[in-house]
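A quick write-up on the structure given underneath.
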Amino acid sequence: MVLVSFVFIFLLMISCRKDNEGWSLIGEWQLQAYYDGNTATGGCNCWVKASGINKHSVEFRSNGTYQLFPGPTLAYVIGCSNNYELRNDTLRWRMCRSADFDAVVSYSYPFLMIEERTLGGVYAWRYKRVN
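Quick note, the numbering used here runs 282 ahead of the 1-based positions in the sequence shown.
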């Protein structure tokens with residue numbers, strides 16, 4: 283009986299665990315919040331909930347391309363697309379800029395975090411999977 287109880291508890295623990303291993307960047311992600319820690323440009327060193335003009339989504343495709351879609355208040359803006367490269371925890375992409383940059387990528391269920399370190403501080407974007 284003790285063995286059955288132990289097995290039941292063990293199975294319950296592993297079934298409830300949210301595993302961060304094996305996650306995939308592929309799919310569509312919607313911005314939930316962003317962090318402006320660039321004190322050189324007057325950043326607030328705080329998280330800001332994404333809304334209106336800042337709320338966008340990005341779709342990473344398996345062929346190494348991405349499409350960034352503007353939020354609902356920017357429906358007239360086309361957005362952008364380009365190539366990306368993911369190596370370990372480093373994402374190289376443009377994010378609608380004129381040149382590629384490297385960002386650190388991490389995942390903690392249910393959020394994808396993309397963090398860019400600059401000379402003035404840190405920018406970060408927190409996304410949640412759409413599909």
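All residues carry an ideal CB built from backbone N, CA and C; glycine is no exception. Since the model is a prediction, treat every value here as computed from it, not as a measurement.
- prompt: With 16 other CB atoms within 10 Å as the buried threshold, where does residue 396 fall?
  reply: By the neighbour-count rule (16 or more Cβ atoms within 10 Å), residue 396 is buried.
field: Sequence-distant residues of the same chain with beta carbon closer than 8 Å to residue 323, five excluded per side
entry: Contacts found: 402.
- prompt: Taking the C-alpha atoms as reference points, what is the distance between residue 367 and residue 306?
  reply: So the alpha carbons of these two residues sit roughly 13 Å apart.
task: Please name the residue, chosen from 379, 399, 404, that lies closest to residue 365 on a Cα-to-Cα basis.
output: When only C-alpha atoms are compared, the closest one is 379.
message: Which residue marks the beginning of the beta strand (DSSP E) containing residue 410, and which one marks its end?
response: Residues 403-411.
query: From which residue to which residue does the beta strand (DSSP E) around residue 309 run?
result: That run of the beta strand (DSSP E) goes 309-318.
message: Just to confirm my understanding: we take residue 330, look at its own chain, exclude 5 residues before and 5 after, and list those with CB closer than 8 Å. What are they?
response: These residues qualify, in order along the chain: 315, 316, 317, 318, 336.
message: Which of the three DSSP states is assigned to residue 345 in this structure?
response: Residue 345 falls in the coil class under three-state DSSP.
message: Using DSSP's beta-bridge definition, name the partner residues of residue 385.
response: Answer by DSSP bridge pairing, in chain order: 373.
query: In this structure, does DSSP put residue 327 in helix, strand or coil?
result: Of the three classes helix, strand and coil, the one that applies to residue 327 here is coil, per DSSP.
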